[in-house]
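All residue numbers for the sequence shown refer to our numbering, where the first residue is 692 and numbers rise by one.
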Amino acid sequence: MAGLHGQQQREIAHIARDPFDPLFEAETFVAALRARRTTVKRALLDQTLISGVGNIYADESLWRARLHGERPAAGLTRPAARILLGHVTEVMREALGQGGTSFDALYVDVNGDSGYFDRSLAVYGQEGRPCPRCGTPVRRDSFMNRSSYTCPRCQPRPRTGRW
Ligand SMILES: [Zn+2]
Numbered sequence: 692m693a694g695l696h697g698q699q700q701r702e703i704a705h706i707a708r709d710p711f712d713p714l715f716e717a718e719t720f721v722a723a724l725r726a727r728r729t730t731v732k733r734a735l736l737d738q739t740l741i742s743g744v745g746n747i748y749a750d751e752s753l754w755r756a757r758l759h760g761e762r763p764a765a766g767l768t769r770p771a772a773r774i775l776l777g778h779v780t781e782v783m784r785e786a787l788g789q790g791g792t793s794f795d796a797l798y799v800d801v802n803g804d805s806g807y808f809d810r811s812l813a814v815y816g817q818e819g820r821p822c823p824r825c826g827t828p829v830r831r832d833s834f835m836n837r838s839s840y841t842c843p844r845c846q847p848r849p850r851t852g853r854w
């Protein structure tokens with residue numbers, strides 16, 4: 692990559708489409724996700740695979756899909772990957788419907804104690820609060836200099852990190 696700069700580098704990076712792009716193809720995404728040798732959450736945050744998914748969208752979508760983000764992407768069945776994509780799209784659509792162009796940006800701009808986020812977020816930023824589905828306290832783990840929020844009961848951690 693030495694000697695490549697600016698525009699040229701961006702073109703090579705190949706930023707993926709977001710789920711609302713009319714040219715976004717669900718089955719292409721499902722196949723690409725399952726081909727990744729990484730964890731599900733890292734794959735969701737990978738802008739060369741799908742655009743627009745930040746840390747909050749990822750955590751909320753994984754909770755809805757009852758998947759732990761540390762599970763290997765390659766271990767997802769095709770139906771499970773489709774269901775996950777459905778939740779990602781739904782979470783993004785809801786956030787957009789609430790007036791935000793970017794849920795993550797909105798979160799940073801607004802006081803985390805606001806009623807909006809208490810109502811809207813199941814697990815993100817909710818450490819120690821009951822999971823809305825089962826009541827188990829939400830768990831926070833560090834993740835790439837940020838945090839991951841999960842319900843330990845709805846989203847059991849994978850037994851090993853192998854894939
Ligand atoms: Zn739960």
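The beta-carbon is built from N, C-alpha and C at its ideal position, and this holds for glycine as well.
According to the DSSP assignment, tyrosine 815 belongs to no alpha helix (DSSP H), since it is labelled neither H nor E. Excluding the 5 residues flanking it on each side, phenylalanine 715 has same chain C-beta neighbours closer than 6 Å at Arg708, in chain order. With a threshold of 7 Å, the Cβ atom of arginine 824 counts as near ligand 1, since some heavy atom of the ligand is closer than that.
With a threshold of 7 Å, the Cβ atom of arginine 844 counts as near ligand 1, since some heavy atom of the ligand is closer than that. 8 Å or more divides the Cβ of leucine 767 from the Cβ of glycine 760. Cβ contact annotation for arginine 757 (same chain, cutoff 7 Å, sequence separation greater than five): Cys845, Gln846, in chain order. Here the alpha carbon of glutamate 818 sits roughly 5 Å from the alpha carbon of valine 829. Ligand 1 approaches threonine 827 closely enough that one of its heavy atoms is under 7 Å from the residue's Cβ. For a cut-off of 8 Å, the C-beta gap from leucine 736 to alanine 749 is around 6 Å, short enough to register as a contact. Under the three-state reduction of DSSP, arginine 831 is assigned to strand.
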